[in-house]
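Working notes, structure below.
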Amino acid sequence: MGKFNKTGKRGMPALNTSSLPDLIFTLLFFFMIVTTMREVTLKVEFRAPQATELEKLEKKSLVTFIYVGKPTKEFRAKLGEESRIQLNDAFAEVSEVYDYINGERASMKEEDQPNMTVSLKIDQDTKMGIVTEIKEALRQAYALKINYSAQPRQ
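Just so you know, the numbering used here puts 92 at position 82 of the sequence shown, and the rest follows in order with no gaps.
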């Protein structure tokens with residue numbers, strides 16, 4: 011009497027994967043938009059002092075950063091407790107700042123070179139002598155547009 015037969019085995023229907031590439035590209039596009047790439051790995055500790063005024067930078071691609079502060083814990087055994095200069099991902103001396111600025115300027119487009127900004131990110135406990143030496147090296151490199159980074163006062 012029964013019309014339904016249990017003896018006939020049916021296979022699983024094939025999975026429709028026609029929209030799978032669209033989903034994958036949508037996810038890829040989403041992560042490309044949301045993710046930011048870190049340019050420099052900080053090797054110095056940096057606590058900015060309080061600031062009284064802020065200046066908005068127009069084009070961040072024209073900004074070159076110089077970090078000054080005590081080395082992080084992993085580098086203290088080798089470098090000590092004194093403040094160090096970090097240019098890109100390497101420690102440097104004041105004498106290397108001139109060549110670094112000229113190299114950064116040479117890597118820019120010619121029309122952007124006059125608008126280059128040097129941002130000094132200096133720990134608040136750093137002695138002023140090293141800051142003065144860096145500023146003198148920047149003057150010699152004709153990097154006259156200098157931006158000091160600090161936290162705004164509340």
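Where a beta carbon is used, it is the ideal one built from N, C-alpha and C, also for glycine.
Three-state secondary structure (DSSP) of residue i
| i | result |
| --- | --- |
| P81 | strand |
| V50 | coil |
| F39 | helix |
| K69 | coil |
| Q123 | helix |
| L97 | strand |
| Q150 | helix |
| A7 | Here the chain comprises residues numbered 11 to 164, so residue 7 is not present and cannot be evaluated. |
| D135 | coil |
| E143 | helix |
Per DSSP, the bridge partner or partners of residue i
| i | result |
| --- | --- |
| R115 | Paired residues: none, contrary to the question. |
| A102 | I95 |
Within 8 Å, strictly: CB atoms of residue i and residue j
| i | j | result |
| --- | --- | --- |
| I76 | I95 | yes |
| V73 | T36 | no |
| G90 | T136 | no |
| D99 | T51 | yes |
| K66 | F101 | no |
Reference residue i; option with closest CA among the options
| i | options | result |
| --- | --- | --- |
| G139 | T74, E92, E121 | E92 |
| E55 | I34, S28, T142, F85 | F85 |
| S117 | D99, S71, R20 | S71 |
| E103 | A153, P23, A147 | A147 |
| E68 | K119, N125, L30, K145 | N125 |
| Y108 | R57, D122, E143 | E143 |
CB contact below 8 Å: residue i versus chain D
| i | result |
| --- | --- |
| V73 | Annotation note: the requested chain D is absent from the structure, which comprises a single protein chain. |
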